[in-house]
Every structure is written in C-alpha cells, then in structure tokens.
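Protein chains: 2
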Amino acid sequence: MTQQTHSHDHGRAPVDLTKNQSLVFGALSRAEGPLSAYTILDQLRDDGFRAPLQVYRALDKLVETGMVHRLESLNAFVACSHPGCDSHETIAFAICETCGKVAEISDEPLEARIRELTGKDGFTVKRAVVELRGLCAACS
Amino acid sequence: MTQQTHSHDHGRAPVDLTKNQSLVFGALSRAEGPLSAYTILDQLRDDGFRAPLQVYRALDKLVETGMVHRLESLNAFVACSHPGCDSHETIAFAICETCGKVAEISDEPLEARIRELTGKDGFTVKRAVVELRGLCAACS
DNA sequence: ACAACATTGTAACTATATAACATTCTGGAG
DNA sequence: CTCCAGAATGTTATATAGTTACAATGTTGT
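Protein sequences appear in the order of chains D and V.
Start counting at 1 in the first sequence, then tack on 917, and there's your number in my numbering.
Start counting at 1 in the second sequence, then tack on 917, and there's your number in my numbering.
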C-alpha cells in the first residue's frame, strides 16, 4: 500500500487523516471507553505499529483537530462522541469509575461560570479541564 | 532520632504527621508552585530519601487529609493554601502556564452547577477535577 | 529526475507510579 | 521487662506514560 492520506469513513469525515491517524482513530472509535496510548499501541501491533511514538504522533494531531479528547485524570484518550466531530465544544467529561465509560458534557451555564471566575482575579483561561469522576446512571 | 509522629509547625497543625509526611509537606510548603513527586524526592535526598515510594506514601496520606492537592493535568502536587488546611473545600485550580503558580478557587455557583449537571442524566459525582490552564494576572 | 516537505520507522531514554518484600520503630498485653 | 502486633519505613525491581534524536521513506511540485 502506498502512503497517502485517507478519509476516515466512520460515517462522517471533517478532516483527512493519514494512515496512522486513521488506525489510531479507528481503535478509539471501536472502544467502549477511553484507551491509554499503550493499549492503542498493543491493538495496532498487527497493523505494523512498533513504538509509542507512532501512537503519540497520531494522537497529537487527532486531539488538535478535536476528533479525540485527552482525559487528564486518566492519562487516556477517547474518540469525540459528536456526530462529525465538528462543532460542539465539549466543556466537561463525566467518567464512570465502575464501567469506565465517558460522557461528554456541553453546558453553557458551566462555561459561563468559568468565564466569570476567570475575570475575577485577572486570570485568563486558555483551557478548562473539567472531569467529573463518579458513577453513571447504569452503575449507580 | 527515634521514630515518632511530629506535629508540623507551619503555624497551624490540624493533623499529626509522621516524619516522612512532615518532610514532604515541608518541601511543598517551601515551594512557590507545584512539585512533581520526583522533584520532591530530589529535594529530600539529604534527609535520607532514596526511593519514589517514600514520597508517594507520604503524598497519599497528605492528599487524603486535604493538606496537599494533586493536579491531574500536571502530574504534580501543591500544599493546600488554606490557613490550617482545615475547612475550605477547594473546587478548582487556576494554573498559570507561564510562572507555574497555582491559585485555589472556591466557588459556590460553580459547585452548584456541577451538582445540577450530575443529577441531570443520573450521573453521581464523587470527585470533580477542575483545572483552569492559562495566564495569571501578573503574567498576562 | 529532483528538490522540498510530510510522514513514518526505530532505538534509546526520561518521567511517573506501583508491587513485593524486608526491616525498624512504637505501644500495649502479659 | 519482654514479647508481640501493627505502623512506618527502607529497598529493589518493575510497570506505565511520554519524549528526544535521528534515519528512512513517501509525496508533491517543478
């Protein structure tokens, strides 16, 4: 197979992905929950992946474009759950500590409150990390 | 020196600390900003620290009692900035990406909004990780 | 064909965190 | 006091997460 960019056809394709980016995004899309970079690496051994860097490079790009989110409190990654990975600014994640599933949360009041907090003491927010750890409805 | 618990006299002492916990808390109190576990280890070599576990064990306890907070997005730790480390539930951290300093934020409306979000889809929040990355007033 | 650039491959390394087990200290029961 | 139990500590090895440096290959435009 020659090297080229691939449109990833998971039903929607806002960006063209390279081969490795496609493979990594595929692994994350198949997964029920978040995966660590090394878990992804293991899943892609058969596709020729040998070193962590191959995964991290792909993840960097995918996170940059918003197709994948990084969960700081887990050191893990999830495919964005929004159709088309387009708009939808996600502000928060709800992470179930029992089943491991992650829900994305978009909440205008929450965003607004964070913006307000920001101005208060002159702090400028560039990125908000909001991760709610707990139990999902199914696991309660 | 015989082994015993020490009250840590940083002006206020809500809990009795063991020797190692005291040393680790001291290192974090002295620091301007958050420290990684391995940075703490290096600073405590002269006090007899040799292995990461000595630091992590102390940190576990200090985090549990609320005297130290863990910053998930940095893999680092800060001494709680509240006098006496007693009440004051901290809900969020403002982390300056230039000078590295961290401010603790207690905000009732923010907490309230997170509680509301929770009930919405049956998710039960056990712990909220809120870390705002950006620029502090001094660095803007 | 060839130059310029993007993508990928590979090895070694640094950073973060835990597991398993041995030792020492402290405080209480006999 | 002695001995025992539990807490705290020490030590070695290992697991997990992420980066640096450099080589090789593919792709595109001229």
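Think of the CB as a built atom: it goes at the ideal place given N, C-alpha and C, for glycine as much as any other residue.
(request) Locate the alpha helix (DSSP H) running through D/Leu945, then write down its first and last residues. (result) First-last of the alpha helix (DSSP H) with D/Leu945: 936-947.
(request) Taking V/Ala1011 and V/Pro951 to be in contact with their CB atoms under 8 Å, please state how far apart those CB atoms are, rounded to whole angstroms. (result) Going by Cβ atoms, the distance from V/Ala1011 to V/Pro951 rounds to 12 Å, so no, they are not a contact pair.
(message) Quick check on this structure: which residue in D/Leu1049, D/Gly1017, D/Gly1039 has the alpha carbon closest to the alpha carbon of V/Arg1030?
(response) Nearest option by C-alpha distance: D/Leu1049.
(message) Can you check whether the C-beta of V/Glu1006 is within less than 9 Å of a C-beta belonging to chain D?
(response) No, its Cβ sits nowhere closer than 9 Å to a Cβ of chain D.
(request) Using DSSP bridges, identify the partner residues of D/Ile1022. (result) Answer by DSSP bridge pairing, in chain order: D/Ala1009.
(message) For the pair the region 1013-1022 of chain V and the region 1027-1044 of chain D, tell me if three or more CB-CB distances fall below 8 Å.
(response) Output reads yes: the region 1027-1044 of chain D touches the region 1013-1022 of chain V.
(message) Using only CA atoms, which one of D/Phe942, D/Glu1033, D/Lys1018 lies nearest to D/Gln960?
(response) Comparing Cα positions, the closest option is D/Phe942.
(request) Assuming D/Val1046 and D/Glu989 form a contact by the criterion Cβ under 8 Å, report the distance between their Cβ atoms to the nearest whole angstrom. (result) About 5 Å separates the two Cβ atoms, so the contact holds.
(request) For my contact list, V/Val995 and V/Val985 are in at a C-beta cut-off of 8 Å; report their separation, rounded to the angstrom. (result) Taking C-beta atoms under 8 Å as the contact rule, V/Val995 and V/Val985 qualify, at a distance of about 7 Å.
(request) Please name the residue, chosen from V/Cys997, V/Gly1017, V/Lys1043, V/Arg962, that lies closest to V/Ala1054 on a Cα-to-Cα basis. (result) Looking at the Cα atoms, V/Gly1017 is the closest of the given residues.
(request) Determine the direct distance from the alpha carbon of V/Ile1008 to that of D/Glu1028, and round the result to whole angstroms. (result) D/Glu1028 and V/Ile1008 have their C-alpha atoms roughly 15 Å apart.
(message) Give me the residue from V/Ser998, V/Arg1032, V/Lys1043 with the minimum Cα distance to V/Ser946.
(response) Of the listed residues, the one whose Cα sits closest to V/Ser946 is V/Ser998.
(message) Buried or exposed, going by whether 16 or more other CB atoms sit within 10 Å of the CB of D/Gln921?
(response) Because D/Gln921 sits at a pLDDT of 42, beneath the cut-off of 50, its placement in the model cannot be relied upon, and the following sentence gives the value as read from the coordinates. D/Gln921 should be labelled exposed.
(message) On the DSSP bridge list, what partners appear for D/Ala996?
(response) As computed with DSSP, D/Ala996 is found in a beta bridge with D/Val985.
(message) Please report the distance separating the alpha-carbon of V/Gln938 from that of V/Thr1015.
(response) Cα to Cα, V/Gln938 sits roughly 29 Å from V/Thr1015.
(message) Measuring straight from C-alpha to C-alpha, what distance separates D/Val1042 and D/Asp933?
(response) Their backbone Cα atoms lie some 30 Å apart in a straight line.
(message) Which residue marks the beginning of the beta strand (DSSP E) containing D/Ala1045, and which one marks its end?
(response) D/Ala1045 -> beta strand (DSSP E) spans 1041-1052.
(request) Please report the Cβ distance between D/Ala954 and D/Leu976, rounded to the nearest whole angstrom; I am assuming they are in contact, meaning their Cβ atoms lie under 8 Å. (result) Separation of the CB atoms of D/Ala954 and D/Leu976 is rounded to 6 Å, and the pair is thereby assigned contact status at 8 Å.
(request) Have a look at V/Arg1032, V/Ala968, V/Ser1057 and flag the residue whose alpha-carbon is nearest the alpha-carbon of V/Arg1044. (result) Taking only the C-alpha atoms, the option nearest V/Arg1044 is V/Arg1032.
(request) Assuming D/Ile957 contacts D/Ala944 (C-beta within less than 8 Å), just tell me the rounded distance between them. (result) The pair is a contact, with the Cβ atoms about 5 Å apart (cut-off 8 Å).
(request) Could you work out which residue in V/Leu991, V/Gly983, V/Glu949, V/Arg974 is closest to V/Thr935 when comparing CA atoms only? (result) Among V/Leu991, V/Gly983, V/Glu949, V/Arg974, the Cα nearest to that of V/Thr935 belongs to V/Arg974.
(request) Spell out whether any CB of chain V is found under 9 Å from the CB atom of D/Asp1038. (result) Yes, because at least one Cβ of chain V sits closer than 9 Å to the Cβ of D/Asp1038.
(message) Give me the residue from V/Cys1013, V/Thr982, V/Phe966, V/Gly1051 with the minimum Cα distance to V/Glu949.
(response) Taking only the C-alpha atoms, the option nearest V/Glu949 is V/Cys1013.
(request) Please classify D/Leu991: is it buried, with 16 or more other beta-carbons within 10 angstroms of its beta-carbon, or exposed? (result) That one is buried.
(message) Give me the chain D residues within the contact set of V/Gly1051, using Cβ-Cβ distance strictly less than 8 Å, ordered along the chain.
(response) What V/Gly1051 touches in chain D: Thr1035, Phe1040, Thr1041, Val1042, Lys1043, Arg1044.
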